[in-house]
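In terms of UniProt numbering, the sequence shown opens at residue 1 and continues consecutively. Working notes for the structure below.
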Amino acid sequence: MHNKIKIDINADLGEGMSNDAQIMPLISSCNIACGGHVGNEMTILKSLKLAKKHNVKVGAHPSFPDKDNFGRALITMTKKELTRSIYEQIMLFYNCCDQLKMKMHHVKLHGALYNYAAKDAPTADAVVEAILETGERPVLYVPPNSVLAEKAKNLLPIKYEAFIDRAYNEDLSLVSRKENGALIQNKKIALNQLLNIVIDQSVNTVIGVEVSLKASTFCIHGDQKNAVEILKFIIDDLPQNNIIVS
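Given below as structure tokens:
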């Protein structure tokens, strides 16, 4: 009997979509919007209670403070302003966890902040400094080979993340949502991408070139209309590939 491969599947929740209750039992960790792009104390507590019911690890999902663009546009702020905003979002989340006697497991950035901190040093520094300022040491979910991973690795526990439902460029950046094919909505293609990364440690990029990619947590977007269907399909298939979600 081969050893089973353990993976974490995470989803972005608490973003006002109607499928959170269907997604939560299918994942092992969740990233809960904490006021930057969407969300407030009430929505965070609701998501936390749902996670507690299904024994799912919980993480803060901070963003640029930009509700108008759902955190998906790059906005200009000073490093100090950005650090403060991220700190406040994480503390709001942490205080909600505290109310329910739950532990904040991780931090995972959202949208444009995730993509920009992957390549911009001052932005990555702002993120790491904001987390350290909370006095907590949550795991930081980071893209492999990113500036953020480099900045965080000696200061915080990190976990490399890959995406189940997003297409990749050759430099391992995500294909822009403005491009065709950026989102993977076909459940078979999503499963193949996941298996490829888990088993072969590589990903087939948008131009058809295989690139090395190692990760241990895998994200699906809660605002993706096929999220539940994709997750159910994947979870049914994983045991025959000796993979368990935990």
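Beta carbons are placed, not taken as given, at the ideal position from N, Cα and C, and that holds for glycine.
query                                                                                                                                      : result
Give me whichever residues DSSP pairs with C30 in a beta bridge.                                                                           : A11 and V58
Going by DSSP in three states, N196 sits in which element: helix, strand or coil?                                                          : helix
What residue does the alpha helix (DSSP H) around I86 start on, and which one ends it?                                                     : K79 to Q99
I believe V198 touches I5 by the beta-carbon criterion, under 8 Å. Please report the beta-carbon distance rounded to the nearest angstrom. : 6 Å
Should V107 be labelled buried (16 or more other beta-carbon atoms within 10 Å of its own) or exposed?                                     : buried
The alpha helix (DSSP H) that contains L174, what's its start and end?                                                                     : Segment: none, L174 is in no alpha helix (DSSP H) and carries neither H nor E.
Taking the C-alpha atoms as reference points, what is the distance between E81 and D236?                                                   : 45 Å
In terms of residue numbering, what span does the alpha helix (DSSP H) encompassing S202 cover?                                            : Looking at the DSSP string, S202 is not in any alpha helix (DSSP H); the run it does join, the beta strand (DSSP E), is S202 to N204.
Under 9 Å between the Cβ atoms of I220 and D171?                                                                                           : no
Since I158 sits in a beta bridge, which residues does DSSP pair it with?                                                                   : L140
Pull up the CB-CB distance for I243 and I7, whole angstroms please, since I reckon it's below 8 Å.                                         : 6 Å
Opposite F163 in the DSSP bridges: which residues?                                                                                         : C219
From C97, N95, V56 and I207, pick the residue whose C-alpha is nearest to that of M24; which is it?                                        : V56
Can you give the Cα-Cα distance for S202 and I234, rounded to whole angstroms?                                                             : 18 Å
Assign S29 to buried or exposed, taking buried as 16 or more other Cβ atoms, counted over all protein chains shown, within 10 Å of its Cβ. : buried
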